[in-house]
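Enquirer: The sequence shown begins at 0 in numbering that gives the first Met the number 0 and counts up by one.
Glycine included, every Cβ here is placed at the ideal spot set by N, Cα and C.
Remember, predicted model here, so these are calculated numbers, not experimental data.
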Amino acid sequence: MASKYTVNRREFMRMGALGTAALGMGIKPSTAAARPVAPSDKITVGMIGAGARAHQLIETIKRFPEAEVVAVCDAYQGRIERAISRTDGRAKAYKDYREIIQRPDLDVVVISSPDHWHYQHAVDSLNAKKHAYIEKPLTYTIDEGLAIIEAQKKNNVAVQVGSPGPNSILTQKARDMIASGKLGQVTMVRAYMNRNTASGAWIYPIPPDASPQTVDWELFLGSAPKRPYSEERFFRWRCYKDYSGGMSTDLYVHTCTTINYVMNAPMCESAMAMGGLYRWKNSRDVADTINASLKYPEGFLVSLSGTFSNQGGGGSGIQFLGTEGTLILGRTLTFIPENVNEGNGWIVDSWPEKLAKAYYEDPKILAEERPSTRPQGVVARQEVYQSEGQGSILAHFQEFFDAVKNGTPTKEDATVGHHAASCAHMINVALDRGEVVHWDAARDTLAAG
Ligand SMILES: NC(=O)c1ccc[n+]([C@@H]2O[C@H](COP(=O)([O-])OP(=O)(O)OC[C@H]3O[C@@H](n4cnc5c(N)ncnc54)[C@H](O)[C@@H]3O)[C@@H](O)[C@H]2O)c1
Numbered sequence: 000m001a002s003k004y005t006v007n008r009r010e011f012m013r014m015g016a017l018g019t020a021a022l023g024m025g026i027k028p029s030t031a032a033a034r035p036v037a038p039s040d041k042i043t044v045g046m047i048g049a050g051a052r053a054h055q056l057i058e059t060i061k062r063f064p065e066a067e068v069v070a071v072c073d074a075y076q077g078r079i080e081r082a083i084s085r086t087d088g089r090a091k092a093y094k095d096y097r098e099i100i101q102r103p104d105l106d107v108v109v110i111s112s113p114d115h116w117h118y119q120h121a122v123d124s125l126n127a128k129k130h131a132y133i134e135k136p137l138t139y140t141i142d143e144g145l146a147i148i149e150a151q152k153k154n155n156v157a158v159q160v161g162s163p164g165p166n167s168i169l170t171q172k173a174r175d176m177i178a179s180g181k182l183g184q185v186t187m188v189r190a191y192m193n194r195n196t197a198s199g200a201w202i203y204p205i206p207p208d209a210s211p212q213t214v215d216w217e218l219f220l221g222s223a224p225k226r227p228y229s230e231e232r233f234f235r236w237r238c239y240k241d242y243s244g245g246m247s248t249d250l251y252v253h254t255c256t257t258i259n260y261v262m263n264a265p266m267c268e269s270a271m272a273m274g275g276l277y278r279w280k281n282s283r284d285v286a287d288t289i290n291a292s293l294k295y296p297e298g299f300l301v302s303l304s305g306t307f308s309n310q311g312g313g314g315s316g317i318q319f320l321g322t323e324g325t326l327i328l329g330r331t332l333t334f335i336p337e338n339v340n341e342g343n344g345w346i347v348d349s350w351p352e353k354l355a356k357a358y359y360e361d362p363k364i365l366a367e368e369r370p371s372t373r374p375q376g377v378v379a380r381q382e383v384y385q386s387e388g389q390g391s392i393l394a395h396f397q398e399f400f401d402a403v404k405n406g407t408p409t410k411e412d413a414t415v416g417h418h419a420a421s422c423a424h425m426i427n428v429a430l431d432r433g434e435v436v437h438w439d440a441a442r443d444t445l446a447a448g
């Protein structure tokens with residue numbers, strides 16, 4: 000029988016106080032400071048990229064009375080129109096993000112463009128002294144991360160990268176449990192992320208009005224290799240290496256963000272991976288099945304696996320394996336105590352009979368190897384935690400808006416985002432090279448290979 004607990008955000012924070020252990024496109028950098036936002040002021044938000052995720056985020060932002068979306072740009076006309084109507088006509092439409100970030104009355108940008116654009120959109124926005132919520136993965140290549148970190152520091156603005164996992168109260172509970180020693184020594188983290196639908200494999204429907212008249216193909220391409228107009232590439236860009244790192248940077252980056260946070264381990268030291276394109280062969284040039292391992296200097300391994308051919312076992316989850324228990328983080332958080340028994344019977348049975356008999360008369364050995372002789376109640380029970388109240392995306396934005404107004408920290412600034420994205424990039428580099436790749440912690444980038 001498991002013990003069940005519900006954790007809400009206020010209660011969690013109270014428990015925390017008591018100790019939870021018990022339980023470059025020609026943009027000139029602005030020299031001005033970011034516009035100060037008084038507590039009574041509205042935070043004005045500009046959306047750079049107004050695709051599927053941006054529409055979810057507009058709905059999230061609408062739940063904050065202290066914030067308002069005032070500007071939107073995108074490379075497909077239909078999405079601009081829908082975004083404007085989502086703001087009841089209040090946001091202004093732009094074709095070019097540079098016009099948005101030059102607005103002196105704008106405080107915040109939300110960057111939800113395809114991944115190959117994040118770097119340019121981020122650096123230009125930060126240099127224009129805009130606070131930035133930047134969708135994951137922070138970067139398209141490892142090299143881009145340090146420049147974004149530098150731009151955040153130089154301009155003294157807030158950054159929140161868009162993996163909300165660390166702001167889930169169950170994730171925070173997991174982190175506290177591990178920090179308290181409840182799991183003992185954690186040497187292995189196992190994560191999986193599986194899907195078995197076309198939509199899960201990023202084969203999204205293409206709007207029937209898509210055409211070179213409604214889609215700005217050149218704007219989408221940006222610094223990516225020149226190619227003829229392709230609706231598949233425009234609307235399913237995750238399937239192509241020119242714009243995305245595929246499963247690693249789209250999915251595992253969330254997992255790495257959460258694992259780095261829960262384990263309080265900022266960055267892995269090496270990565271190896273195997274992968275293949277086995278099922279969705281006609282729609283992409285990225286793998287649809289990957290097994291990867293990350294090694295951390297804190298003394299544990301992470302095993303990440305995913306396939307787009309099966310979603311058995313619930314789709315996704317993370318298991319933290321410790322000497323005293325297992326923690327399973329998914330929709331709920333479950334702690335399973337180890338309750339281990341030594342088992343030397345087959346060894347001792349080969350000893351001289353007299354010695355074997357004496358061995359099992361030792362009370363210490365009896366307690367360790369014969370669970371039936373333990374006093375009742377000694378065996379620990381499973382604990383299951385469910386969260387209630389505010390979801391992690393709301394908490395993630397609340398933390399970001401607090402940072403904009405008060406200068407308080409965010410959990411996922413440019414440095415944290417650089418590391419999570421780089422764990423994912425290292426998996427891809429290892430996959431491409433067919434070898435183990437290493438992180439150069441002193442230079443905070445991939446070691447020369
Ligand atoms: N945090 C999450 O759970 C989550 C979920 C989904 C997507 N995302 C991230 O959000 C980002 C967007 O993903 P999506 O699913 O919304 O993709 P999408 O294709 O639906 O949206 C991207 C939009 O960017 C526009 N665009 C392309 N080039 C542009 C440019 N140069 N300037 C302005 N707009 C441009 C496209 O027209 C498109 O509408 C990605 O980085 C993705 O990884 C995060």
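1. Within the present structure, is the beta-carbon of Val415 separated from the nearest heavy atom of ligand 3 by less than 8 Å?
2. In whole angstroms, what is the alpha-carbon distance linking Asp104 and Phe334?
3. Identify whether Met24 lies in helix, strand or coil by the three-state DSSP scheme.
4. Inspect the beta-carbon positions of Pro296 and His418 and report whether they are closer than 9 Å.
5. Applying the 10 Å Cβ sphere with the 16-neighbour rule, what's the burial state of Ser112?
6. Kindly provide the ranges of any alpha helix (DSSP H) runs that are 4 or more residues long and lie completely inside the stretch 307 to 384, ordered along the chain.
7. Between Lys172 and Tyr384, is the Cβ-Cβ spacing less than 9 Å?
8. Within 10 Å of its beta-carbon, does Ser2 have 16 or more other beta-carbons around it, so buried, or fewer, so exposed?
9. What's the call for Gln55, buried or exposed, on a 16-neighbour Cβ count within 10 Å?
10. What are the residues that DSSP puts in a beta bridge with Met273?
11. Determine the DSSP secondary structure at Arg226, reduced to helix, strand or coil.
12. Using the Cβ count rule (16 or more neighbours within 10 Å means buried), how would you classify Ile427?
13. Could you tell me if the beta carbon of Lys240 falls within a distance shorter than 8 Å of some heavy atom in ligand 1?
14. Roughly how many angstroms lie between the CA atoms of Asn155 and Lys129, to the nearest whole one?
15. Evaluate Val185 with the Cβ neighbour count: other Cβ atoms within 10 Å of its Cβ, from every protein chain shown; 16 or more gives buried, anything less gives exposed.
16. Say yes only if the C-beta of Val214 is nearer than 8 Å to one or more non-hydrogen atoms of ligand 1, and no if none qualify.
17. Within the continuous beta strand (DSSP E) that includes Cys72, where are the two ends?
18. At a cut-off of 8 Å, is Asp87 close to ligand 1 when judged by its beta-carbon and the heavy atoms of the ligand?
19. Residues bridged to Lys91 by DSSP?
20. Which residues in the same chain have their Cβ closer than 6 Å to the Cβ of Ser304, if we skip the five residues on either side of it in sequence?
21. Closest by CA to Leu320, which one among Gly50, Met46, Pro336, Cys422?
22. So does the stretch 262 to 278 actually touch the stretch 141 to 160, counting three or more Cβ pairs closer than 8 Å?
23. When you measure from the CB of Ala70 to every non-hydrogen atom of ligand 1, does any distance come out below 8 Å?
24. Taking the alpha carbon of Ala394 as the reference point, which residue from Pro165, Tyr260, Leu145 has its own alpha carbon closest?
25. How long is the line joining the alpha carbons of Ser124 and Tyr96, rounded to whole angstroms?
26. For Leu119 and Arg237, what's the separation of their Cα atoms in angstroms?
27. Okay, do the stretch 343 to 355 and the stretch 202 to 214 touch, 3+ Cβ pairs below 8 Å being the bar?
28. Return the chain-ordered list of same chain residues with a C-beta closer than 8 Å to the C-beta of Met24, the five sequence neighbours on each side being excluded.
29. Within its chain, find whatever has a CB closer than 7 Å to the CB of Ala157; leave out the 5 residues flanking it on each side and keep chain order.
30. For the alpha helix (DSSP H) that Val261 lies in, which residues bound it at each end?
31. For Gln389, which of helix, strand or coil comes out of DSSP?
32. Specify the secondary structure class of Leu445 as computed by DSSP and reduced to three states.
33. Is Trp216 helix, strand or coil when you go by DSSP?
34. Do you know offhand how far Asp431's Cα is from Thr407's?
35. Are Ser247 and His115 close, meaning C-beta to C-beta below 9 Å?
Expert: This is what the structure gives:
1. Ligand 3 is not part of the structure shown, which contains ligand 1 as its ligands.
2. Pairing Asp104 with Phe334, the inter-Cα distance amounts to about 48 Å.
3. In this prediction, Met24 has a pLDDT of 39, which is less than 50 and means its spatial position is unreliable; nothing more can be read from the coordinates.
4. It is not a contact, given that the beta carbons lie outside the stated cut-off.
5. By the neighbour-count rule (16 or more Cβ atoms within 10 Å), Ser112 is buried.
6. With a minimum length of 4 residues, the continuous alpha helix (DSSP H) runs that stay inside the stretch 307 to 384 are 344 to 347, 352 to 358, 362 to 368.
7. Cβ distance < 9 Å, so Lys172 and Tyr384 count as in contact.
8. Flag for Ser2 reads exposed.
9. It is exposed - the Cβ of Gln55 has fewer than 16 other Cβ atoms within 10 Å.
10. In the DSSP output, where bridge partners are listed per residue, Met273 has Asn290.
11. Three-state result, Arg226: coil.
12. The identity of residue 427 in the sequence shown is Asn, whereas the question assumes Ile. Asn427 comes out buried.
13. Not under cutoff, so the answer is no.
14. In this structure, the alpha-carbon of Asn155 lies about 10 Å from that of Lys129.
15. With 16 or more other CB atoms across the displayed protein chains lying within 10 angstroms of its CB, Val185 is buried.
16. Distance from the C-beta of Val214 to the nearest heavy atom of ligand 1 is below 8 Å.
17. Cys72 -> beta strand (DSSP E) spans 66 to 72.
18. Checking the Cβ of Asp87 against ligand 1 gives no.
19. In the DSSP assignment, Lys91 is bridged to Ala70.
20. Short of 6 Å from the beta carbon of Ser304, and not among the five residues preceding or following it, lie these beta carbons of its own chain, in chain order: Tyr191, Asn290.
21. The option with the nearest alpha carbon to Leu320 is Pro336.
22. Using a Cβ-Cβ distance cut-off of 8 Å, the stretch 262 to 278 and the stretch 141 to 160 are not in contact, since fewer than three pairs of beta carbons, one from each stretch, lie closer than that value.
23. For ligand 1, no non-hydrogen atom lies closer than 8 Å to the CB of Ala70.
24. The residue among Pro165, Tyr260, Leu145 with its C-alpha nearest the C-alpha of Ala394 is Pro165.
25. Straight through space, the alpha carbons of Tyr96 and Ser124 are spaced by roughly 9 Å.
26. A small fix is needed here, since residue 119 is Gln in this sequence, not Leu. Their Cα atoms are separated by approximately 18 Å.
27. Verdict: no, contact absent.
28. Per-residue confidence for Met24 stands at a pLDDT of 39, beneath the threshold of 50, marking its modelled position as unreliable; the derived number appears in the next sentence. Shown here for Met24: same chain residues with a beta carbon closer than 8 Å to its own, the five before and five after excluded, namely Arg97, Gln119, Asp123 in chain order.
29. Excluding positions up to five away in sequence, the list reads His130, Phe399, Ala402, Val403, Thr409.
30. First-last of the alpha helix (DSSP H) with Val261: 252 to 261.
31. Coil, per DSSP.
32. The answer is strand: DSSP assigns Leu445 an E or B state.
33. Here Trp216 sits in helix by DSSP.
34. Straight-line Cα distance between these residues: approximately 40 Å.
35. The answer is no: Cβ separation not under 9 Å.
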